[in-house]
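Chains as they are written, first to last, in our numbering: chain R, 1 to 181; chain Y, 1001 to 1169.
Written out as structure tokens, the structure reads:
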């Protein structure tokens, strides 16, 4: 390092406004003391939310990966043994990937990471909820009957429809005969 | 061996001036330097139980200060940019007082302005090595890079700074 470089930085080291305000320093010190006394709770809302969600997610992936407790619809059920094995392998892989991700985020311990994790967990919750809802709702679709109204005159309408039908038939007959000729 | 966790007040008394200097050199703004100092110590207080080695408290604190400085300075920059865009005209700086005009010509001001034109990484390396006189090892820990990289980057940063202040012969 050249001597003149040191001269440059010596000048900067001696800048006149270098020192912090005494009032500012005292204020921060007091704030730190007060906050330090308050710091007793270690469980934040994020922790309370994320721990059960993690357990739920792991349980869900484990169930899907091994037991298939969530009865899937017939269309989604796999037919061959090979496909089932493949599914289990994929699910185990997914479970490991997920666990690694969760551990990574936890050990990083960043607020941003926690936020990402919470979003991720909530989307998982939505997915599970949607699956459970889809499995347990009544899927027997009711046969749609024509609506009935007392004010509607079905008999006269039926006669009108028959009349129109007859007209159409006779017209078709005529056109067909004309075509043949 | 488990060592006693240092008290935040003690850390504050020991290092708040250093953190403030670092922040002031990094931002060249008194207000931002105060914000950085405050946030650094609050962050440190929250993470104090994670500190395993008391001998590394200085570098640990400065790595927090460095991250905080980068975050706050970036935030302020965006805020300034948005204000400028919304008002459709550049934000006018305060008219300097006669004393400030005299100071403007001072050497420290020239160096500080040149420092501000450098990239964040280069600026931090120069502050650590030249202004706070930290060792290469300490700088490497603060920046989270290898010692070799600190050496290389420092020389490059110094070359850029010399160029800015017109001493690149």
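Glycine is no exception: its CB is placed at the ideal position from the N, C-alpha and C atoms. These numbers come from a predicted model, not from an experiment.
Rounded to the nearest angstrom, what separates residue 1116/Y and residue 120/R at their Cα positions? For residue 1116/Y and residue 120/R, the distance between alpha carbons rounds to 39 Å.
To the nearest angstrom, report how far apart residue 88/R and residue 1047/Y are at their CA atoms. As the crow flies, the alpha-carbon of residue 88/R is around 41 Å from that of residue 1047/Y.
For residue 15/R, three-class secondary structure by DSSP: Note: residue 15/R maps to coil in three-state DSSP.
Straight-line Cα distance separating residue 1026/Y from residue 1072/Y: CA-CA distance, residue 1072/Y to residue 1026/Y, rounds to 11 Å.
Exposed or buried, what is residue 1022/Y when buried is set at 16 or more other beta-carbons lying within 10 Å of its beta-carbon? So residue 1022/Y counts as buried.
Top-ranked residue by Cα proximity to residue 1034/Y, from 10/R, 170/R, 24/R: The candidate whose alpha carbon is nearest that of residue 1034/Y is 24/R.
Extent of the continuous alpha helix (DSSP H) run through residue 1067/Y: Counting along the chain, the alpha helix (DSSP H) containing residue 1067/Y begins and ends at 1057 to 1086.
The alpha helix (DSSP H) with residue 1008/Y in it runs from where to where? Residues 1008 to 1027.
Contact the segment 1121 to 1134 of chain Y vs the segment 8 to 21 of chain R: 3+ CB pairs below 8 Å: Pairwise C-beta distances place the segment 1121 to 1134 of chain Y in contact with the segment 8 to 21 of chain R, as three or more of them are shorter than 8 Å.
Chain Y partners of residue 23/R, CB-CB under 8 Å? Simply none; closest approach about 11 Å.
Using beta carbons (cut-off 7 Å, strictly below), is residue 96/R in contact with chain Y? Residue 96/R does not count as touching chain Y.
If the cut is a Cβ gap below 8 Å, which residues of chain R does residue 1165/Y touch? Result: 8.
Alpha-carbon to alpha-carbon, residue 57/R and residue 21/R: About 51 Å.
Between residue 1131/Y and chain R, is any beta-carbon pair separated by less than 7 Å? So yes, residue 1131/Y belongs to the interface.
Local Cβ density within 10 Å of residue 1138/Y, reported as buried at 16 or more and exposed below that: Counting Cβ neighbours within 10 Å, residue 1138/Y comes out buried, since at least 16 surround it.
Beta-carbon proximity of residue 1041/Y to residue 32/R, cut-off 7 Å: Yes, these two residues count as a Cβ contact at 7 Å.
Indicate the three-state DSSP secondary structure (helix, strand or coil) for residue 1132/Y in the structure shown. DSSP places residue 1132/Y in coil when its eight states are reduced to three.
DSSP state of residue 1118/Y mapped onto helix, strand, coil: Shown here, residue 1118/Y sits in coil according to DSSP, grouped into three states, outside any helix or strand.
Helix, strand or coil for residue 156/R, going by three-state DSSP, please let me know. Reduced to three states, the DSSP call for residue 156/R is helix.
Looking at the structure shown, is residue 86/R part of a helix, part of a strand, or coil, going by DSSP? If DSSP states are grouped into helix, strand and coil, residue 86/R belongs with the helices.
Can you have a look at residue 1038/Y and say buried or exposed, based on whether 16 or more other CB atoms are within 10 angstroms of its CB? Buried.
Report yes if the C-beta distance between residue 1079/Y and residue 1114/Y is below 7 Å; otherwise report no. For residue 1079/Y and residue 1114/Y, no; Cβs fall outside 7 Å.
Please return the same chain residues whose Cβ sits closer than 6 Å to the Cβ of residue 1161/Y, not counting the five positions on each side in sequence. 1114.
Within 7 Å of any Cβ in chain Y, is that where the Cβ of residue 103/R sits? Not one chain Y Cβ lies under 7 Å of residue 103/R.
Residues of chain Y with CB closer than 7 Å to the CB of residue 52/R, please, in chain order. Simply none; closest approach about 24 Å.
Out of 1011/Y, 1110/Y, 1076/Y, state which residue places its alpha-carbon closest to the alpha-carbon of residue 28/R. Ranking 1011/Y, 1110/Y, 1076/Y by Cα distance to residue 28/R puts 1011/Y first.
If you follow the alpha helix (DSSP H) that residue 63/R is in, where does it begin and where does it stop? Where residue 63/R is concerned, there is no enclosing alpha helix (DSSP H), given that its DSSP letter is neither H nor E.
If you run the structure through DSSP and keep just helix, strand and coil, what is residue 1146/Y? In the structure shown, residue 1146/Y sits in coil (DSSP, three-state: anything other than H, G, I, E or B).
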